[in-house]
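*Asks:* Below you'll find the structure I mean.
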Ligand SMILES: Nc1ncnc2c1ncn2[C@@H]1O[C@H](COP(=O)(O)OP(=O)(O)OP(=O)(O)O)[C@@H](O)[C@H]1O
Ligand SMILES: [Mg+2]
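Numbering (UniProt numbering), first residue to last: 1 to 681.
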């Protein structure tokens, strides 16, 4: 740390004489101007996105941090990675690093630096299997970014899914496998993007990167403006040469990971089929179309393309597009023709689902390759794991929908985990040990989590009930039901409940007072997105494809319509279940170690509580300036300082890693993005 001079500000916010938001921001700014983008809050690392290459990374920097203690060197991600790795190795306990911050803060870049560090310091004996695992770990990011990232107005390479990656280590501390969990891909992006945004990178990479001959086989034209799904972002494409080089990098990464040429071919055909599907339009016809429907496809050549690319019979594709099979009591099946609107809806649902299944298949395929091989716990000992969580930060847009609701609920869950396991545990322990400390009033967000996930009454349960109700339940009726259930909830409101508040619309909006600020959600599309309905005919069609890769993505298509009696879980419930599982998983990792054995030798042990709380206040204040300044005592105390400063932070941080080697670290490097640098994006 002493490598940094006094003029560089405090490398650890704990060293500030006074902890006010002005001082905090002043210190951050001072350091940023000197090119120092990392600062500790005790054992939490705060990072400011520089939006330019800084000479901070690479083998030399790695060597500087390798094997050192956290505070021996200036704050850095490598120091965090090193400390995590050492703690995991020393104690053979699973550990994890949580990265949070809002879109564009630098989470994914941080996770890549962490992985690069781990890859660089492991496998000194150059074992082939370990090298293979490291290659796959490093290359997997490139492939996942192609399929799961997109250009948004905030970040040209924004992750549109949450990612948690486990890396397994053997007793020597070498990586022997890994596993990726992905969360809630923003699949609505396949159909439509905001102005200034693009579809997932993979589409443009295929269009710009494939050789002419392959493009012809896919019946594609190079220009993304030709396709409904890529038209919006067509003018925003990166340089064509960039797109081509990204395409080649993804191809190489897929090869290294072990995707076969056939599989890559299938992936391209599926992407092409989605683009063609998006161009299919329906027209009402006079003469009776299929069965009793009066709808036809405007350009049948597109149906030919979809059929050929998905290796399915043309007649069946047409049938699926124009009608659906319904079971009417017993085993009797009726074919019911779509209206044009229904057909468009079904087409879109199919396009989204095909992309989602493709993404999940890619993740599973990588997992299959990373699965630790030939490991016998009795012979090799138990593997230890480092988990890296790179998950969406809090989101507030001018219009917030179901996706933002899920993402913000995810942040509430992580915040709750933090509160439960850090603050309470720390305070209880201090009390138990008779250490004097000043009680800090913190906001417990359990009530907001309950508001969302409570059985029978929570927002998700009310939404599920609306989705399963017979008849035409509308989003508006769902909102009324929410109002009835939560009219007295301190964190819930709507225009109906607060008629004078003109910032919400009647019958459309509800507002949740989240720990990080108020967010107004529009219920439009909630029921539809939650139901996430796809006709069984499509699933069967895909399952019956003669392309083995596509077929493998649709195991549920083998069910006969008459067997499909159980309603599938809704998108909201699936997401809730995955969040509960994630939080359980994090909680049992060494994020939050128990009391250390040799406590008396640990003089800095008094620090964590204070540090944790400082980081909490950052968490609670460090919101996008667009978020409202309402609510808790702690936040209102901090906010004036916050808003006066010229550097606006857009992210949050929390976490704690108790010192004195009491177990593994639980770090959350977050990133702060000064507005002053957003122009360089
Ligand atoms: N340490 C860094 N050095 C230089 N540039 C960086 C650094 N971290 C991030 N960036 C720049 O910021 C951009 C956004 O970073 P990144 O994609 O990691 O954000 P994110 O937090 O993952 O956002 P999202 O939530 O949208 O996925 C990167 O593409 C890169 O240009
Ligand atoms: Mg990201």
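For each residue, glycine too, the CB sits at the ideal point set by N, CA and C.
Using the C-alpha atoms, what's the distance from residue 244 back to residue 266?
*Replies:* Working through the chain shown from its first residue, we reach residue 266 at position 266. Working through the chain shown from its first residue, we reach residue 244 at position 244. Looking at the two C-alpha atoms, the distance is approximately 19 angstroms.
*Asks:* So residue 337 is in the beta strand (DSSP E); what residue range does that whole segment cover?
*Replies:* As a first step, residue 337 must be located in the chain shown, where it is residue number 337. Taken as a continuous stretch (DSSP letters only), the beta strand (DSSP E) holding residue 337 covers 333-337.
*Asks:* Exposed or buried, which one is residue 149 when buried takes at least 16 other CB atoms within 10 Å?
*Replies:* Position 149 of the chain shown, counted from the start, is the residue given in the question as residue 149. Classification of residue 149: buried, given that the 10 Å Cβ count is 16 or more.
*Asks:* Assign residue 649 to buried or exposed, taking buried as 16 or more other Cβ atoms, counted over all protein chains shown, within 10 Å of its Cβ.
*Replies:* Taking the chain shown and counting its residues from 1, the one referred to as residue 649 is at position 649. With a pLDDT of 24 at residue 649, under the threshold of 50, the modelled position of that residue is not reliable, and the figure given next carries that caveat. Looking at its Cβ environment, which holds 16 or more other Cβ atoms inside 10 Å, residue 649 is buried.
*Asks:* CA-CA distance, residue 397 and residue 154?
*Replies:* To locate residue 397, count along the chain shown from 1; it is residue 397. To locate residue 154, count along the chain shown from 1; it is residue 154. Computed Cα separation, rounded: 11 angstroms.
*Asks:* Taking the C-alpha atoms as reference points, what is the distance between residue 126 and residue 160?
*Replies:* Here residue 126 corresponds to residue number 126 of the chain shown, with the count starting at 1. Here residue 160 corresponds to residue number 160 of the chain shown, with the count starting at 1. Straight-line Cα distance between these residues: approximately 35 angstroms.
*Asks:* If I follow the unbroken alpha helix (DSSP H) through residue 552, where does it start and stop?
*Replies:* The count along the chain shown starts at 1 and reaches residue 552 at position 552. From DSSP, the alpha helix (DSSP H) with residue 552 extends over 548-552.
*Asks:* Let me know the secondary structure DSSP gives residue 376 once reduced to three states.
*Replies:* Your numbering for residue 376 matches position 376 in the chain shown. Coil at residue 376, not helix or strand.
*Asks:* If I measure Cβ to Cβ from residue 494 and keep anything under 8 angstroms in the same chain, skipping five residues before and after, which residues do I get?
*Replies:* The sequence position of residue 494 within the chain shown is 494, counting from 1. So the list reads 479, 482, 483, 504, 509, 510, 511, once near-sequence residues are dropped.
*Asks:* Between residue 519 and residue 475, how many whole angstroms is the CB-CB distance? I'm expecting something under 8 angstroms.
*Replies:* One-based indexing of the chain shown puts residue 519 at position 519. One-based indexing of the chain shown puts residue 475 at position 475. 17 angstroms between Cβ atoms; not a contact.
*Asks:* Are the region 167-177 and the region 194-206 in contact at 8 angstroms, needing three or more beta carbon pairs?
*Replies:* Touching, no.
*Asks:* Compute the Euclidean distance between the alpha carbons of residue 356 and residue 514, then round it to the nearest angstrom.
*Replies:* Start at 1 with the first residue of the chain shown, and residue 356 comes out as number 356. Start at 1 with the first residue of the chain shown, and residue 514 comes out as number 514. Approximately 29 angstroms, taken between the alpha carbons.
*Asks:* Is the beta carbon of residue 383 sitting closer than 8 angstroms to the one on residue 372?
*Replies:* Along the chain shown, one-based indexing puts residue 383 at 383. Along the chain shown, one-based indexing puts residue 372 at 372. Their beta carbons are under 8 angstroms apart, which means residue 383 touches residue 372 by this criterion.
*Asks:* Heavy atom of ligand 1 less than 7 angstroms from the Cβ of residue 150, yes or no?
*Replies:* Along the chain shown, one-based indexing puts residue 150 at 150. No; taking the cut-off as 7 angstroms, the Cβ of residue 150 has no heavy atom of ligand 1 nearer than that.
*Asks:* To the nearest angstrom, report how far apart residue 408 and residue 26 are at their CA atoms.
*Replies:* Locating residue 408 in the chain shown gives position 408, counting from the first residue. Locating residue 26 in the chain shown gives position 26, counting from the first residue. Spanning the two alpha carbons is a distance of roughly 29 angstroms.
*Asks:* With residue 62 as the anchor, note down where its alpha helix (DSSP H) starts and where it stops.
*Replies:* Sequence index remark: in the chain shown, residue 62 carries index 62 (1-based). From DSSP, the alpha helix (DSSP H) with residue 62 extends over 59-65.
*Asks:* Measuring from the CB of residue 390, is there a heavy atom of ligand 2 at a distance below 7 angstroms?
*Replies:* Taking the first residue of the chain shown as position 1, residue 390 is located at position 390. Correct: residue 390 has its Cβ closer than 7 angstroms to ligand 2.
*Asks:* Is it buried or exposed for residue 582, if we count other Cβ within 10 angstroms and need 16 for buried?
*Replies:* Position 582 of the chain shown, counted from the first residue, corresponds to residue 582. Label assigned to residue 582: buried.
*Asks:* Considering only heavy atoms of ligand 2, does any lie closer than 7 angstroms to the CB of residue 140?
*Replies:* As a position in the chain shown, residue 140 is number 140, starting the count at 1. Checking the Cβ of residue 140 against ligand 2 gives no.
*Asks:* Curious, which full-length beta strand (DSSP E) runs of at least 3 residues does the region 345-400 contain?
*Replies:* Whole beta strand (DSSP E) segments, 3+ residues: 384-390.
*Asks:* Answer yes or no: do residue 189 and residue 200 have a C-beta to C-beta separation smaller than 8 angstroms?
*Replies:* Counting from one through the chain shown, the residue named residue 189 turns up at place 189. Counting from one through the chain shown, the residue named residue 200 turns up at place 200. Yes, these two residues count as a Cβ contact at 8 angstroms.
*Asks:* Does DSSP classify residue 272 as helix, strand or coil?
*Replies:* What you label residue 272 is simply residue 272 of the chain shown in a count that begins at 1. In the structure shown, residue 272 sits in a helix (DSSP, three-state: H, G or I).
*Asks:* Can the beta-carbon of residue 174 be found closer than 8 angstroms to that of residue 123?
*Replies:* Position 174 of the chain shown, counted from the first residue, corresponds to residue 174. Position 123 of the chain shown, counted from the first residue, corresponds to residue 123. Yes.
*Asks:* Following the continuous alpha helix (DSSP H) through residue 407, name the residue where it begins and the one where it ends.
*Replies:* For the purposes of this step, residue 407 is taken as residue 407 along the chain shown, with counting starting at 1. Looking at the DSSP string, the run of the alpha helix (DSSP H) that includes residue 407 is 402-418.
*Asks:* Opposite residue 556 in the DSSP bridges: which residues?
*Replies:* Working through the chain shown from its first residue, we reach residue 556 at position 556. According to DSSP, residue 556 bridges with nothing at all.
*Asks:* Which residue marks the beginning of the beta strand (DSSP E) containing residue 323, and which one marks its end?
*Replies:* Numbered from its first residue, the chain shown carries residue 323 at position 323. Unbroken beta strand (DSSP E) run through residue 323: 323-327.
*Asks:* Should residue 53 be labelled buried (16 or more other beta-carbon atoms within 10 Å of its own) or exposed?
*Replies:* Locating residue 53 in the chain shown gives position 53, where the first residue counts as 1. Exposed, because fewer than 16 other Cβ atoms sit within 10 Å of the Cβ of residue 53.
*Asks:* Taking 8 angstroms as the limit between beta carbons, can you name the residues of its chain near residue 485, skipping five residues before and five after?
*Replies:* On the chain shown, residue 485 is found 485 positions in, with the first residue counted as 1. Contacts found: 457, 462.
*Asks:* Are residue 344 and residue 282 touching if we call contact CB-CB under 8 angstroms?
*Replies:* Here residue 344 refers to the residue found at position 344 of the chain shown. Here residue 282 refers to the residue found at position 282 of the chain shown. Contact flag set, yes.
*Asks:* Please report how far the alpha carbon of residue 630 lies from the alpha carbon of residue 460, in whole angstroms.
*Replies:* Translated into the one-based positions of the chain shown, residue 630 becomes position 630. Translated into the one-based positions of the chain shown, residue 460 becomes position 460. Low per-residue confidence applies at residue 630: pLDDT is 22, beneath 50, and the placement is therefore not dependable, though the value from the model is reported in the following sentence. When rounded, the distance between both Cα atoms is 24 angstroms.
*Asks:* May I have the straight-line CA-CA distance separating residue 413 from residue 406, to the nearest angstrom?
*Replies:* For this step, residue 413 is matched to residue 413 along the chain shown. For this step, residue 406 is matched to residue 406 along the chain shown. One C-alpha to the other measures close to 11 angstroms.
*Asks:* Residues in its own chain within less than 6 angstroms of residue 576 by CB, not counting five upstream and five downstream?
*Replies:* For this step, residue 576 is matched to residue 576 along the chain shown. 453, 460, listed in sequence order.
*Asks:* Rounded to whole angstroms, what is the Cα-Cα separation between residue 225 and residue 236?
*Replies:* Counting from 1 along the chain shown, the entry for residue 225 is found at position 225. Counting from 1 along the chain shown, the entry for residue 236 is found at position 236. Cα to Cα, the separation comes out at about 10 angstroms.
*Asks:* By Cβ distance below 8 angstroms, which residues in the same chain neighbour residue 473 in space, the five residues on each side in sequence not counted?
*Replies:* The residue labelled residue 473 in the question sits at position 473 within the chain shown. Around residue 473: 466, 467, 527.
*Asks:* So is residue 59 buried or exposed if we call it buried at 16+ other beta carbons inside 10 Å?
*Replies:* Position 59 of the chain shown, counted from the start, is the residue given in the question as residue 59. So residue 59 counts as exposed.
*Asks:* Using only alpha-carbon positions, find the residue among 298, 39, 588 that is nearest to residue 386.
*Replies:* The count along the chain shown starts at 1 and reaches residue 386 at position 386. For residue 386, the nearest C-alpha among the options comes from 588.
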